DNA sequence: AAGTGGTCTAGACCACACA
DNA sequence: GTGTGGTCTAGACCACTTG
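Protein chains in written order, with my numbering: chain Z, 2 to 243; chain S, 2 to 243.
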């Protein structure tokens, strides 16, 4: 019974990986178009001389990846590819910059502890409470690279009360100290107003990219941040979702 | 043997889903910090009165999601969360707009079949060959929403030679006709020049968002496109990677 | 009614890393 | 060596859906 496995076990790849890869290749190359019915589990069992669990595992992975869809009594079908799903990384700025051999600095421009105002309550989705409002400028090779404008929900992150944020930037501090479970991002392009242009040392009206992030520790929001970058210095790269 | 399953089978959720969810909750809430060793498969088997395969499946899913790491002989450990990975969707414009009950239109501004020039060769990473250059404007509710500037590698997509692209926009046509295996995106903010401003009916210098996409059918590039949106009308939403 | 996929079991052998 | 995870088997029952 293990004989078949041993025979097929070339190059250290597991059998379910091989089955998955071979089906994936058929889909990706277009040989199996969207809507094509792929072989039944029973047929794949015979083809690969393996048990149904092994086939099932391979197909289950393909379902998670969105490549196939499975319908009881009908079979498994190639899905119309979800062209549009892409994954990107928003780097933790300081370590990213240092890793590239560039210099990183930041200035804390504002640190205000206050009772939440209307805008704060909206951003953090709270009825009341205290927030910490931080603004700082990030520099890469001594040039302004990002303006950070952040709210921290002090009910959820009381440790932030006593953090100075004068040596460690807020994003790094939060990453290290605050557990989180979910985040939502919005990316927008807009023209800099005079004050932002002054801070970022760009001309007024220069196109900027804003990345807003709401972070949850379910079910509540811990922090809201706007990271605003000069358009000419910043871009986001994203790959098709692997 | 099936008795235990029947007893635990509440609310139609499978057991491996329940195991995965409960471990996930412990990680997400911070009760199990990064580095924490989660129970051995053997312990989880006892706790849930199930077989090792069921536990293994739950843990395997968590590995794929990047929440835990498994080391032989040592156990399974909570990973440091990858803060920065986020996933977004770039909708197929027409169907997206129509689904929202808005009107969609587009104008084909340019359709040129030519020998690849230097820029074309660079964008498509080819040494020579013919390309199709398309430009069109997409309208949502009769207002310009995007300017599309696209190159198609005719060696790889010969069917595009005979497609008119006067009724179906290039992105929809390609989506339906051309298999692809990989894509890379770049998102940039920039100020509109006079000509672009005229096309998009925005003021010159208005911030725009450009999404560039290179699409592969491995190992070659099938198409390169710039989608340029008026900043005030467009944003990208992204969720933490599920 | 029949055949598909969804899920699970109770074993098993193996590689690997650590003691 | 020892115990972990990685993988696989040869069954099983069930729900669902479709012919």
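Think of the CB as a built atom: it goes at the ideal place given N, C-alpha and C, for glycine as much as any other residue. Quick caveat, the model's predicted, so the values are computed rather than measured.
Short CB-CB distance (under 7 angstroms) between residue 180 of chain Z and chain S = Stepping through the first chain from its first residue, residue 180 of chain Z is reached at position 179. True, the Cβ-Cβ gap to chain S drops below 7 angstroms.
Return helix, strand or coil for residue 236 of chain S, following the three-state DSSP convention.
-> Residue 236 of chain S sits at position 235 when you count from the first residue of the second chain. DSSP, reduced to helix, strand and coil, places residue 236 of chain S within a strand of the structure shown.
Assuming residue 209 of chain S contacts residue 208 of chain Z under a Cβ cut-off of 8 angstroms, what Cβ separation, rounded to an integer in Å, is found between them?
-> By one-based count along the second chain, residue 209 of chain S stands at place 208. By one-based count along the first chain, residue 208 of chain Z stands at place 207. Between residue 209 of chain S and residue 208 of chain Z, the beta carbon gap of about 7 angstroms places them in contact (Cβ cut-off 8 angstroms).
To which residues of the same chain is residue 230 of chain S closer than 7 angstroms at the C-beta, ignoring the five residues directly before and after it?
-> Working through the second chain from its first residue, we reach residue 230 of chain S at position 229. Correct list, in chain order: 146, 147, 209, 210.
Can you check DSSP and say which residues form a bridge with residue 189 of chain S?
-> Against the second chain, residue 189 of chain S aligns to sequence position 188. Bridge partners of residue 189 of chain S: Z:236, S:211.
So what's residue 226 of chain Z in DSSP terms, helix, strand or just coil?
-> Position 225 of the first chain holds residue 226 of chain Z. Residue state, collapsed to three classes: strand.
Reference residue 29 of chain Z, options S:226, S:19, S:216, S:29, closest by Cα = The residue labelled residue 29 of chain Z in the question sits at position 28 within the first chain. Among S:226, S:19, S:216, S:29, the Cα nearest to that of residue 29 of chain Z belongs to S:216.
Residues bridged to residue 216 of chain Z [DSSP beta-bridge criterion] = Numbered from its first residue, the first chain carries residue 216 of chain Z at position 215. Paired residue(s): Z:184, Z:224.
C-alpha gap between residue 10 of chain Z and residue 239 of chain S, whole angstroms | As a position in the first chain, residue 10 of chain Z is number 9, starting the count at 1. As a position in the second chain, residue 239 of chain S is number 238, starting the count at 1. Because residue 10 of chain Z sits at a pLDDT of 43, beneath the cut-off of 50, its placement in the model cannot be relied upon, and the point is left open.
Which residues in the same chain have their Cβ closer than 8 angstroms to the Cβ of residue 41 of chain Z, if we skip the five residues on either side of it in sequence?
-> Residue mapping note: residue 41 of chain Z aligns to position 40 of the first chain, counting from 1. Listed in chain order, the non-local C-beta contacts of residue 41 of chain Z below 8 angstroms within the same chain comprise 76, 77, local neighbours out to five positions each way being set aside.
Do you know how far the Cα of residue 32 of chain Z is from the Cα of residue 182 of chain S?
-> As a position in the second chain, residue 182 of chain S is number 181, starting the count at 1. As a position in the first chain, residue 32 of chain Z is number 31, starting the count at 1. Residue 182 of chain S and residue 32 of chain Z: Cα-Cα distance of roughly 12 angstroms.
In its own chain, which residues sit with a C-beta less than 8 angstroms from the C-beta of residue 4 of chain Z, not counting the 5 before and 5 after it?
-> Within the first chain, the letter at position 3 stands for residue 4 of chain Z. Residue confidence for residue 4 of chain Z is low, a pLDDT of 33 falling below 50, so the modelled location carries little weight and cannot support an answer.
With DSSP as the reference, please indicate the residues paired to residue 97 of chain Z in a beta bridge.
-> Within the first chain, the letter at position 96 stands for residue 97 of chain Z. Answer is none; residue 97 of chain Z lacks a bridge partner.
Contact set for residue 56 of chain S: own chain, Cβ-Cβ below 6 angstroms, skip 5 residues either direction | Here the question's residue 56 of chain S lines up with position 55 in the second chain. In the same chain as residue 56 of chain S, and ignoring 5 residues on each side of it, the C-beta atoms closer than 6 angstroms to its own belong to 42, 45, 46, in chain order.
Leaving aside the five residues before and after residue 106 of chain S along the sequence, list all residues of the same chain whose C-beta is less than 8 angstroms from its C-beta, in chain order.
-> Counting from one through the second chain, the residue named residue 106 of chain S turns up at place 105. Excluding positions up to five away in sequence, the list reads 139, 140, 143.
So, using beta-carbon positions, are residue 131 of chain S and residue 109 of chain S closer together than 7 angstroms?
-> Position 130 of the second chain, counting from 1, holds the residue named residue 131 of chain S. Position 108 of the second chain, counting from 1, holds the residue named residue 109 of chain S. Not a contact, by the Cβ cut-off of 7 angstroms.
Residues of the region 47-61 of chain S whose Cβ lies closer than 7 angstroms to any Cβ of chain Z, in chain order | Residues of the region 47-61 of chain S that bring their beta carbon within less than 7 angstroms of a beta carbon in chain Z are absent altogether.
Identify the contact partners of residue 232 of chain Z in chain S, using a Cβ-Cβ distance below 8 angstroms as the criterion.
-> For the purposes of this step, residue 232 of chain Z is taken as the residue at position 231 of the first chain. In chain order, 189, 190, 191, 192, 208 make up the part of chain S whose C-beta sits under 8 angstroms from the C-beta of residue 232 of chain Z.
Closer than 9 angstroms, Cβ to Cβ, to anything on chain Z: give me those residues from the region 136-165 of chain S, in chain order.
-> So the list is empty, because no residue satisfies the distance condition.
Taking the alpha helix (DSSP H) that residue 173 of chain Z falls in, what are its first and last residues?
-> Within the first chain, the letter at position 172 stands for residue 173 of chain Z. That run of the alpha helix (DSSP H) goes 171-178.
Can you name, in chain order, every residue of its own chain whose Cβ lies under 8 angstroms from the Cβ of residue 2 of chain Z, other than the five neighbours on each side?
-> Stepping through the first chain from its first residue, residue 2 of chain Z is reached at position 1. Because residue 2 of chain Z sits at a pLDDT of 37, beneath the cut-off of 50, its placement in the model cannot be relied upon, and the point is left open.
Look at the alpha carbon of residue 193 of chain S and the alpha carbon of residue 193 of chain Z, and state the distance between them as a whole number of angstroms.
-> For this step, residue 193 of chain S is matched to residue 192 along the second chain. For this step, residue 193 of chain Z is matched to residue 192 along the first chain. Spanning the alpha carbons of residue 193 of chain S and residue 193 of chain Z requires a straight line of approximately 14 angstroms.
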